[in-house]
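Numbering-wise, the sequence shown is residues 4 to 162 according to the working numbering.
Yeah, the Cβ is synthetic: ideal placement off N, Cα and C, and Gly gets one too.
Just below is one structure, and these are the notes that go with it.
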Amino acid sequence: MGPACDLLGPHRASGFASLLAALAVAATASSPAGFVALCFVACLSLANCVANQHWMSGIFVPSAVGLANAVTAGWANVGSTAAQLVMPLVYKLVLRFDVPITVAWRVTYLLPCVLLITTGLAVITFPYDLPRDAGVGGGAKTGKSLWKVVRGGVGNYRA
4 MGPACDLLGP HRASGFASLL AALAVAATAS SPAGFVALCF VACLSLANCV
54 ANQHWMSGIF VPSAVGLANA VTAGWANVGS TAAQLVMPLV YKLVLRFDVP
104 ITVAWRVTYL LPCVLLITTG LAVITFPYDL PRDAGVGGGA KTGKSLWKVV
154 RGGVGNYRA
């Protein structure tokens, strides 16, 4: 996620990670290997916390960035808690329509898929980081190559 933030900017990297995860959540696996592959792609959305920390560090002054990062991480925890509470209720609601169990859990996963697509598109389309759409860190406007970014990250002892 770090190189993606450096090349694309944090809001684009975060949005694309959400859209990629939506594809995995919408897909259904028919084999154990397929399930593992879909879980891997879905878990890439967990890297959104890296893009979020990068984004907040570019928006807020150093004296406030710690609080901003803590608040945004807290909201992420609230979202995951809400998912733990809401998803079983949605599953039970789908079962009330006499849908087979094997179909009900697939239909239930359409909710997070829609939410991932909505938030991914919103984060890509509507961010306002700096005046005149300068963007945090410049993103794609910097002209950096992938290999220079990866080499810089690997060679940085603080990373």
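Please work out which residues of its chain come closer than 7 Å, Cβ to Cβ, to residue i, disregarding the five sequence neighbours upstream and downstream, and give them in chain order.
| i | result |
| --- | --- |
| Ile-120 | Leu-22, Ala-25 |
| Val-89 | none |
How would you call residue i, buried or exposed, if buried means at least 16 neighbouring beta carbons within 10 angstroms?
| i | result |
| --- | --- |
| Ala-107 | buried |
| Gly-82 | exposed |
| Cys-42 | exposed |
| Val-97 | buried |
| Asn-55 | buried |
| Leu-163 | Summary: the structure shown does not reach residue 163, with the chain confined to residues 4 through 162, and so no result is reported for it. |
| Ala-7 | buried |
| Arg-99 | exposed |
| Asn-51 | buried |
| Ala-73 | exposed |
| Ser-148 | exposed |
| Trp-35 | Trp is not the amino acid found at residue 35; the sequence shown has Pro there. Exposed: under 16 other Cβ atoms inside 10 Å. |
| Thr-128 | exposed |
| Arg-154 | exposed |
| Pro-91 | exposed |
| Val-126 | buried |
Can you name, in chain order, every residue of its own chain whose Cβ lies under 6 Å from the Cβ of residue i, other than the five neighbours on each side?
| i | result |
| --- | --- |
| Gly-123 | Gly-18, Ser-21, Leu-22 |
The alpha helix (DSSP H) spanning residue i covers which residue range?
| i | result |
| --- | --- |
| Gly-69 | 65–98 |
| Gly-37 | 35–46 |
| Gly-155 | 149–158 |
| Ala-54 | 51–62 |
Output the distance between the C-alpha atoms of residue i and residue j, rounded to the nearest integer angstrom.
| i | j | result |
| --- | --- | --- |
| Val-64 | Lys-151 | 28 Å |
| Pro-13 | Gly-156 | 16 Å |
| Val-28 | Ala-85 | 17 Å |
| Asp-9 | Met-59 | 14 Å |
| Gly-5 | Gln-87 | 28 Å |
| Ala-45 | Leu-118 | 13 Å |
| Pro-130 | Ser-48 | 18 Å |
| Gly-138 | Asn-80 | Because Gly-138 carries a pLDDT of 49, less than 50, the predicted location of this residue cannot be relied on, and no value is offered for it. |
| Ile-104 | Ala-40 | 23 Å |
| Gly-61 | Thr-111 | 37 Å |
Determine, using beta carbons only, whether residue i comes closer than 7 Å to chain E.
| i | result |
| --- | --- |
| Val-97 | Although the question refers to chain E, the structure presented lacks it and comprises just one protein chain. |
Looking only at its own chain, which residues have a Cβ that is under 8 Å from the Cβ of residue i, when we skip the five neighbours before and after it?
| i | result |
| --- | --- |
| Leu-113 | Ala-29 |
What residue ranges within the stretch 4–30 form continuous alpha helix (DSSP H) runs of no fewer than 4 residues, ordered along the chain?
-> Listed in chain order, the complete alpha helix (DSSP H) runs (minimum 4 residues) inside the stretch 4–30 are 5–11, 13–29.
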